[in-house]
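Down below is the structure, laid out as structure tokens.
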Amino acid sequence: MKRTVIIVALCLSIALQVFGKTVIGGFVRNPEGRGVDLAIVSASVSGPDRTILASAFTDQNGRFELAVDSCGCDSLVITASGMEIAPVSLTVPCRSGDYVIVAREKNVELREVVVRARKVYSQGDTINYNVASFLSGTDTSIADVLKKMPGISVSDAGQISYQGKPIKNLYIEGLDLMKGHYGIATNNIDPNNIATVQVLENHQDIKALKDLRPEEQASINLRLKDGVKGVFNLIATLGGGYGDRGLWNNSAIATYFRRNSQFLATYKGNNTGEDLSQELYSFDNDYSRTSNVSSISMPSAPGIDKRFYYFNRSHNATFNNVYRVGRSGEFGINAAYLNDRDTRRSSSSTANFLPDGSQNIVDETIHGTARMQKAYGDLTYLNNGDENYLKEQLKFDWSATDADSRIFAGSDDISQRGKTDTYRLLNKFHVTHRNSSDRGFEISSLVNLEKRPHRLSVSPNLFPDMIPGDMLCQHVDYRNISSENSAGLLSALKVGNFTLHPSAIVNYHHNALENRLDAMRNDLSLDHLDAGLGAEIMFSIRKFHASLYMPVKYRLFRLDNRIGGIITSKERFRVEPSLNLTYKVNSSHNLSASAALNYMTPSIETLYSGYILTSYRQLSAYEVAGLYEGMNQHYSLKYDFKNILSMSFAGAELAFNRQSPDVLYGSYYDGIVQHTICRRTSESGDMFSAKVHASQGFDWRRLKIGVSVTYSRYNSPLLVQNDVLRYIGNNLGVNADFSLAPFRWMAVSYQGNYSQSATQPKGSGRFPWLRTLTNKGSLDFTIPGGVTLTTSLYHYYNNFNDGDRSFLLLNTEAKYTVKRFSFTLLCDNLLNRKTYVYSSLSALTESKAVYNIRPRSILLKIRFRIF
Amino acid sequence: MKKIITLLCVLISVTGFAQETCSRIIDKAVPVDTSKFKVTYALKYKFHPDIKDYYEDVRIVQIGRRWVKDYSDIINHFDSLATEQIRRGADSYSNVSGNPWPLEIIRPIRGEKAGLKYRLSTSVFLIYSDSVPSLKWGFSDEHTEPVMGYDCRKATVEFAGRQYTAWYAPEIPLPFGPYKFGGLPGLILKLEDAEQQYVWEAVGFERDNAPIMEYSYQDGNDKRCSAAEVEKTLVRYFKSPVGFMISEMGGDSNRIHIVGKDGKRMNNADAAKISVPYKPLEIK
């Protein structure tokens, strides 16, 4: 048998030689004699070119066999290579034969080319941003990364906008942990924990209304990295430094994200100019129904970053927790506390242009301190099933502000003190039921209880002719009880492409205002009832959707002025229609238009007839105390564009507003004092605005460019010194931003704003253009050793300023990270600028102010992960 | 599940019905090997050389000790998303976006039979095995522009009725490439046929330690067939994609709404007359 095989092999070898083939076989083995699996063996001609003639790879025993066409050469080079051996070559005669190639074991050093995940991709109405593609070493919160994503912008308070419109909800792994207070999450969550940011376009968060009611606002969902889920994280920062006094900046952020529960708690404290109140804002439109009728005068905010003029001492702590309950329910707790002290100093000159062409100029130097405490606690239960939706939310808010200031105005040395307390309890209830045939009902109810006592005392009395005494002390109490209720049917009637949603509303508001200023008093209440029926008619056909809402309301106002014992009431029917049209051309282009008409309602804040000291130098009373309304009209046309593959986002919007009030409110200036006046009117105010925005992302060097241009023109009436003036205003604003990482060790970002505005009283010449320019540039680069240096330059230009119209501020920081510790050395206001001059123009009022800003300071922060 | 897929696919654009790929639930999977190397190719392809525009795909070739798997990263991504959505209780999910090549191939390192899966249009999933021939490469001493920084050499081969040119990197001693190609003394980093109907170019190469998964799609739409039957089915499909889909849905044309290039709804009978030019990858 063995002999037969040898003979056959010999014959085959001879036959191959005869037909011009050379068969070279053998083994590739390691020095220990074991065969090398999957080694490539190639035969090439000897010589500099080494043209390959044949190749094969070895079997599990290291065996190979090469059939080489006749090349007419004397010798061949046999080369063996593989991923786990060093390449080895043998020169052999050009004839058939067996060889053993011994190769040294060595792993091939590969230059790996890692394909990054696509930066942005879409899936239906969801746009996914891969966080790693936008992340850089200096980013400390998810807000820093969101700013670099095309189509997304983030305000200083942490509010996120997509395509220029604020988002509705921020979810973390599908759970609404933060409710409306999501600024805490955007400003504190470590971006290294987030895998993907998902923009949910047209996301109807109530599942029972899915495909039944379109949603214009987008929502965002943060997808966590797998390793973050179920892991408790605690990151602490300790910071200390010196400016004109000792500085501190500390924080601790704890997170725990599981599939069925999430937890985020934060503590922050600083006296370095970081505003901690901003991130506690609620973005869910739960506006307060009372406001300060009188307030202490403090220096107003100049148009520069708050960190430069904010002399603070602030602490805040937040607690946020959400649990899944059952398959579709969740229960959430959100609570926060803020303690803040703010000291400001400014000198200002305010000029009001009067109808006779003269000016009323007020010069003030104010030095004030405000101490604020604020707390909220929210409990939320939500059940979001496919057919049933239930949301019950109880919210409590409290704030207390105690402020005092000293003012030098003209020859007067004035001291004032103000205290405001606000208590508020809000209950929101919403239930939706839908059955399988898209029929069902929806009920929502809101109850608001609010009380705002506030005090203002001023010395000396600037109104001795009207109020006796050297000092003015005033107490005001403003209360509100509101109940807003609606009930409706989901698609009660469906004919072809039309659906009808009837609804009923009953809203009741009770406002009460009491005050005492020396012998002068106000004690009045205003009741407002809205009751009516409405119908929403919707028409949908493929890409086009139209909705017309027509509520007919019975409206009743009742004003009870208890001091005079006068009761005034007014009732009428009102129709407040609104129309929305959308045409989704395709996945890239979207057109929408809207029109709405509604009526203004009288406010108790403009109905009191006894004097109220609204500020130390302004006394207000409303002589035309009637239950007047006014009409608002709003029209808009909007276009949106997006191309996910090219990371392009753009949009344009035209809007027109007309306000036709029954009563015009204004001021009468008399030296530094000011009286509020009012008059019936038939004038109306118009405003036209146009906005274009575009945002483009690039794969190249992580480049993102964003631009927006806004133009607005208004033509409004103004009541000054008992004369009604009309004035025309023009505003042009250009915003631009870009971020770029040209090298792995370098990143650049820029934000710029140019604004140009002017006003013109009708029949007079135009005031000069006010031009302001803000440039913020930041340059990060990492030097050998892993230290990242960041330089931030802030440039402000204002052409109304006297003298130097440009103002420069420079901050630098150095950051070094080793294991779980990150060290940051910051130097703010490196140029040690002491004051900032700011000019502004509003209607027919021009003001110039000089503000004290924070001096040069140095701060060392150590950030470390405890867990 | 069939109902869900049907509902998702009833509105089909006539410009893209050759590319309407459904996501599949990939919760049933068996690891067959561990990938040691992962190569990412950008694939440009079209169904016929006369078609002007290319479709694009991102292909992953996983190389293990025993198996080599070539699949679409885009389809796998959408399959993963759909699986996650269903796992979280969603009752529907989106189709694959883009135009990936709906073919998955898994072949043994040594052996002559490969397992293939072709995801055809709305519902049909063709599962078959096919031969992997030993290719007789012609080598050239021509050095070319580097691909991903690797110097490449050129080789040519005739395979299944087409003439192919490959650029391989001797620095990466792995005798593999996309589809059924391999056997060169280096990893194939670029490959194209003479008509440039299919063009693969590597855009990523890295060591890997991920499992090579073999998925089972058990929803009643899988058809086990021979390679010849697959080719016949594809010819029939491209001859009338709409007619094919109507017949797949039991001849009920009311379940399909065809939208033309102008965005308007088309008559199904007219749409069924439209064919898409098609020339198979393996001509003979």
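Residue numbers (our numbering), protein chains in the order written: chain A, 1383 to 2249; chain B, 28 to 311.
Virtual Cβ for every residue (Gly too), placed ideally from N, Cα, C.
Just so it is clear, the structure is predicted and the values come from calculations on it, not from any experiment.
Looking only at C-alpha atoms, which of the options sits nearest to residue i?
| i | options | result |
| --- | --- | --- |
| residue 134(B) | 89(B), 256(B), 258(B) | 89(B) |
| residue 1602(A) | 1590(A), 1539(A), 1559(A) | 1559(A) |
| residue 2326(A) | 2108(A), 2069(A), 2059(A), 2086(A) | Since the first residue of chain A shown is 1383 and the last is 2249, residue 2326(A) is not available in this structure. |
| residue 1855(A) | 1900(A), 1896(A), 2229(A) | 1900(A) |
| residue 1705(A) | 2107(A), 1652(A), 1646(A), 1753(A) | 1646(A) |
| residue 2212(A) | 2018(A), 2193(A), 1893(A) | 2193(A) |
| residue 1454(A) | 1469(A), 1470(A), 1427(A) | 1427(A) |
| residue 1902(A) | 1877(A), 1930(A), 1849(A) | 1849(A) |
| residue 1609(A) | 1585(A), 1577(A), 1588(A) | 1577(A) |
| residue 1731(A) | 2184(A), 2243(A), 2244(A) | 2184(A) |
| residue 1836(A) | 1953(A), 1886(A), 1974(A), 1675(A) | 1675(A) |
| residue 80(B) | 311(B), 309(B), 304(B) | 304(B) |
| residue 1996(A) | 2012(A), 1983(A), 2055(A), 1981(A) | 2055(A) |
| residue 1529(A) | 2223(A), 1994(A), 2207(A), 2122(A) | 2122(A) |
Residue i lies in the alpha helix (DSSP H); which residues open and close that run?
| i | result |
| --- | --- |
| residue 1665(A) | Here residue 1665(A) belongs to no alpha helix (DSSP H), and DSSP marks it neither H nor E. |
| residue 1526(A) | 1524-1528 |
| residue 256(B) | 254-266 |
| residue 296(B) | 295-299 |
| residue 1568(A) | 1565-1570 |
Given a cut-off of 8 Å, decide if residue j and residue i are closer than it, judged by their beta-carbon atoms.
| i | j | result |
| --- | --- | --- |
| residue 235(B) | residue 64(B) | yes |
| residue 1988(A) | residue 1927(A) | no |
| residue 1334(A) | residue 1629(A) | Only positions 1383 to 2249 of chain A appear in this structure, which leaves residue 1334(A) out of reach. |
| residue 1998(A) | residue 1858(A) | no |
| residue 1448(A) | residue 1406(A) | yes |
| residue 1467(A) | residue 1488(A) | yes |
| residue 253(B) | residue 302(B) | no |
| residue 2238(A) | residue 1693(A) | no |
| residue 1834(A) | residue 1860(A) | yes |
| residue 143(B) | residue 132(B) | yes |
| residue 1737(A) | residue 2103(A) | yes |
| residue 212(B) | residue 1424(A) | yes |
Checking the sheet assignment: what are the DSSP bridge partners for residue i?
| i | result |
| --- | --- |
| residue 228(B) | 69(B), 217(B) |
| residue 2173(A) | 2161(A), 2194(A) |
| residue 1798(A) | 1787(A), 1840(A) |
| residue 2220(A) | 2231(A) |
| residue 1888(A) | 1867(A), 1913(A) |
| residue 192(B) | 183(B), 219(B) |
The beta strand (DSSP E) spanning residue i covers which residue range?
| i | result |
| --- | --- |
| residue 1771(A) | 1770-1791 |
| residue 1698(A) | 1693-1707 |
| residue 187(B) | Element bounds for residue 187(B): n/a, residue is neither H nor E. |
| residue 1743(A) | 1741-1766 |
| residue 337(B) | There is no way to answer for residue 337(B), as the model of chain B reaches only from 28 to 311. |
| residue 1853(A) | Segment: none, residue 1853(A) is in no beta strand (DSSP E) and carries neither H nor E. |
| residue 2058(A) | 2055-2062 |
| residue 1723(A) | 1711-1735 |
| residue 1554(A) | 1552-1554 |
| residue 1996(A) | 1994-1997 |
| residue 1652(A) | 1643-1652 |
| residue 1592(A) | Careful: residue 1592(A) lies outside any beta strand (DSSP E) and carries neither H nor E. |
If you pair each beta-carbon of the stretch 1451-1462 of chain A with each one of the stretch 221-230 of chain B, do three or more pairs fall below 8 Å?
With a cut-off of 8 Å on Cβ pairs, the stretch 1451-1462 of chain A is not in contact with the stretch 221-230 of chain B, counting fewer than three such pairs.
Would you check if there are 3 or more beta carbon pairs closer than 8 Å linking the stretch 1662-1672 of chain A to the stretch 1625-1635 of chain A?
The stretch 1662-1672 of chain A, when compared against the stretch 1625-1635 of chain A, does not touch it at the 8 Å Cβ threshold.
Meets three-Cβ-pair contact criterion under 8 Å: the stretch 1683-1698 of chain A and the stretch 1806-1823 of chain A:
Under the Cβ criterion (8 Å, minimum of three pairs), the stretch 1683-1698 of chain A does not count as touching the stretch 1806-1823 of chain A.
Given 8 Å as the limit, is there contact between the stretch 1465-1485 of chain A and the stretch 1535-1551 of chain A, that is, 3 or more CB pairs closer than that?
Proximity of the stretch 1465-1485 of chain A to the stretch 1535-1551 of chain A falls short of the contact definition, fewer than three beta-carbon pairs being nearer than 8 Å.
Mind the definition here: the stretch 2127-2144 of chain A touches the stretch 2156-2173 of chain A only if three or more C-beta pairs lie below 8 Å; say whether that holds.
Touching, per the Cβ criterion.
Would you check if the stretch 1961-1981 of chain A and the stretch 1917-1927 of chain A touch, i.e. whether three or more CB-CB distances between them fall below 8 Å?
Between the stretch 1917-1927 of chain A and the stretch 1961-1981 of chain A, the count of C-beta pairs closer than 8 Å reaches three or more; the two stretches touch.
Is it the case that the stretch 1564-1579 of chain A contacts the stretch 1651-1662 of chain A, given that we only count it when at least three CB pairs across the two stretches are under 8 Å?
These segments touch.
Determine, using beta-carbon pairs with one atom in the stretch 1578-1596 of chain A and one in the stretch 1612-1623 of chain A, whether at least three such pairs fall under 8 Å.
No, the stretch 1578-1596 of chain A does not touch the stretch 1612-1623 of chain A.
Mind the definition here: the stretch 2164-2175 of chain A touches the stretch 1519-1526 of chain A only if three or more C-beta pairs lie below 8 Å; say whether that holds.
By the Cβ rule, the stretch 2164-2175 of chain A counts as touching the stretch 1519-1526 of chain A, because three or more pairs are nearer than 8 Å.
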